[in-house]
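Notes for the one structure printed next.
Residue numbers (my numbering), protein chains in the order written: chain A, -15 to 179; chain B, -14 to 277.
In structure tokens, the structure reads:
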């Protein structure tokens, strides 16, 4: 008789569609697994919308709490829960941003050549990230909100046109046309902010 | 700088990930009364306090650049799926063991029952921001000189010396967010297109368009025409004017980018009319206190 493996519990990878179905039925475990799978994606998406790693952490927590609160409306698109999750994250970050704009602009104005102690290199890296992102967001802010969302979802967070359309609940043709225009306008805006 | 010139991605460090996961477990273990939009972030904050209380300073200050405080991680390609938890170093693993994060793989259907946490304490609503606080944070000793109440909000005109600002409460009252400030211009600034610029104010569920300023001498009427055909005439008082529009259907309500501009017709006392054209994204902006 073959001996059973001892000490190794294989981790079952569930499909997003399964997790979404379980979440809709009220399974906290499904939420936990979605968190394990997508927390980093949400975290980085939220950073790109807030230009603050701290705010991104808060927004990530809030996003997953919102997933739970709105689990009745959980959907997957083409086998992925990510469009739904990033759609909620987009709204959470947007709301968070309204309260944080002053901080964002203050960060952007920080001098570039801060002298930072060696032991604070990691912190300095985060601050530099925030300064760069704040500059980019200032350019992005010149676009209408929906265009900003599209740039963030497609160009920055890697959703396909179809996924972004599902995420924002708009036709994919609209994504194509608007994204193209939004990218042109963002390029102009970036150039202006550099001048 | 271009749209791709972004900071590298960073993974959540293990201690933060464990804390967040514990928050989620705590939150999902609670019975669910109906919540308003501010409850989720507040619940997150309270849950965080609970977790921080149990994990203590280990997570917050543990080890400088050692795992647990490791804030800098390798960049990841945003288009890739996030790998499962594979970044745990030995140190981080030992710290995680002090948290109440559930065992990976053992959580399906069991985490709620296994979580011994007592119910969360009652939470207090976060107060929405106020004009008094927000205006003064921008203009110091500003004073309110006039206001217009309307359905859903209140717009107030403030002066700090020769500089005026209008503060609108619609977004704050809609879902406990921030007030919106428009203006920060000198009272003797020339009247031009920027005088009539529009702020797009967002709540969680809708967006309102808003423009306002101190009364303009000799101006009898200000009328905005939106791309969806809606005509909004500004309310005028002796001290200030205010235009608001809350679209409930059509492209503006759904956030689609309009293809046509907004036109503004300004009628003077003598009948002279000035027309202005406001381009989306140039003469409009998302909440003017964001820097428009």
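By construction, the Cβ of each residue, glycine as well, lies at the ideal position given by its N, Cα and C atoms.
- Task: Determine, using beta carbons only, whether residue 13/B comes closer than 8 Å to chain A.
- Result: yes
- Classify residue 157/A as buried or exposed, calling it buried when 16 or more other Cβ atoms lie within 10 Å of its own Cβ. exposed
- Message: Let me confirm a value: residue 67/A is counted as buried when at least 16 other C-beta atoms fall within 10 Å, else exposed. Which label applies?
- Response: buried
- Task: Could you name each continuous alpha helix (DSSP H) segment of 4 residues or more that falls completely within the stretch 186 to 224 of chain B, going from the start of the chain to the end?
- Result: Runs of the alpha helix (DSSP H) inside the stretch 186 to 224 of chain B: none found.
- So which residues on chain A does residue 121/B lean against when the C-beta distance must stay under 7 Å? Result: empty, since nearest Cβ-Cβ is about 13 Å, beyond 7 Å.
- Message: With the cut-off set at 8 Å, would you say residue 184/B and residue 207/B are in Cβ contact?
- Response: The Cβ-Cβ distance between residue 184/B and residue 207/B does not fall below 8 Å.
- Item | Best match in 115/A, 22/A, 13/A and 122/A for proximity to residue -4/B [C-alpha to C-alpha] | 22/A
- Message: If I measure Cβ to Cβ from residue 144/A and keep anything under 8 Å in the same chain, skipping five residues before and after, which residues do I get?
- Response: 138
- Query: Distance, Cα to Cα, residue -13/B vs residue 174/A?
  - Reply: Approximately 7 Å, taken between the alpha carbons.
- Query: Excluding sequence positions up to five away, which residues of its chain have a Cβ less than 6 Å from the Cβ of residue 245/B?
  - Reply: 212
- Query: Can a CB atom of chain B be found closer than 8 Å to the CB of residue 71/A?
  - Reply: no
- Item | Cut-off 8 Å between Cβ atoms - residues of its own chain near residue 64/A, not counting five sequence neighbours on either side | Excluding sequence neighbours, residue 64/A sits near 0 and 147.
- Say whether chain A places a C-beta atom closer than 8 Å to the C-beta of residue -6/B. yes
- Three-way DSSP call (helix, strand, coil) for residue 263/B in this model: strand
- Query: Apart from the five residues just before and just after residue 259/B, which ones in its own chain have a Cβ nearer than 6 Å to its Cβ?
  - Reply: 251
- Task: For residue -9/B, go through chain A and note every residue whose CB falls closer than 8 Å to its CB, in chain order.
- Result: 32, 116, 117, 120 and 140
- Item | residue 132/B vs residue 142/B beta-carbon contact at 8 Å | yes
- Identity of the residues DSSP links to residue 171/B by a beta bridge: The beta-bridge partner set that DSSP reports for residue 171/B consists of 148/B.
- When you check each C-beta in the stretch 50 to 74 of chain A against every C-beta of chain D, which residues fall closer than 7 Å? The question asks about chain D, but that chain is absent: this structure's protein chains are A and B.
- Could you check how far apart the C-beta atoms of residue 29/A and residue 136/A are, in whole angstroms? I think they sit under 8 Å. 7 Å
- Message: Quick check on residue 97/A - is its C-beta less than 8 Å from some C-beta in chain B?
- Response: Any reading at residue 97/A needs caution, since the residue's pLDDT is 44, under 50, leaving its predicted position unreliable; the model's value is listed next. Chain B contact via Cβ: absent.
- Message: Taking 6 Å as the limit between beta carbons, can you name the residues of its chain near residue 6/A, skipping five residues before and five after?
- Response: 14
- Query: Can you list the residues of chain B that residue 137/A reaches, using a CB-CB cut of under 8 Å?
  - Reply: Those do not exist, as residue 137/A stays about 11 Å from chain B at its closest Cβ, beyond 8 Å.
- Task: Check the DSSP bridge columns for residue 165/B and list the partner residues they point to.
- Result: 153/B
- Tell me the DSSP bridge mates of residue 61/A? 64/A
- Task: Look at residue 124/B and residue 151/B and say whether their C-beta atoms are less than 8 Å apart.
- Result: no
- Any residues in the stretch 13 to 24 of chain A with a beta carbon nearer than 7 Å to a beta carbon of chain B? Which ones, in chain order? For the stretch 13 to 24 of chain A, which is checked against every Cβ of chain B, the residues closer than 7 Å are 13, 15, 16, 19, 20, 21, 22, 23 and 24.
- Message: Distance check for residue 27/A and residue 40/A, CA to CA, integer angstroms please.
- Response: 6 Å
- Message: Tell me the DSSP secondary structure of residue 1/B in three-state form.
- Response: helix
- With DSSP collapsed to three states, give me the class of residue 255/B. Coil at residue 255/B, not helix or strand.
- Item | Three-state secondary structure assigned by DSSP to residue 36/A | Secondary structure of residue 36/A (DSSP, three-state): coil.
- How many Å lie between residue 265/B and residue 18/A at the Cα? 38 Å
- Short check: CB of residue 177/A to CB of residue 122/A, under 8 Å? Yes; because the gap between Cβ atoms is below 8 Å, this pair is in contact.
- Taking residue 193/B as the reference, give the member of 215/B, 202/B, 249/B and 199/B with the closest Cα. 215/B
- Message: Against residue 2/A, what residues of chain B qualify as contacts under a CB-to-CB distance less than 7 Å, listed in chain order?
- Response: What residue 2/A touches in chain B: nothing, since even the nearest Cβ is about 11 Å away.
- Message: With a threshold of 8 Å between beta-carbons, can residue 248/B be considered close to chain A, or not?
- Response: In terms of beta-carbon proximity, residue 248/B stays away from the interface with chain A, with every pair separated by 8 Å or more.
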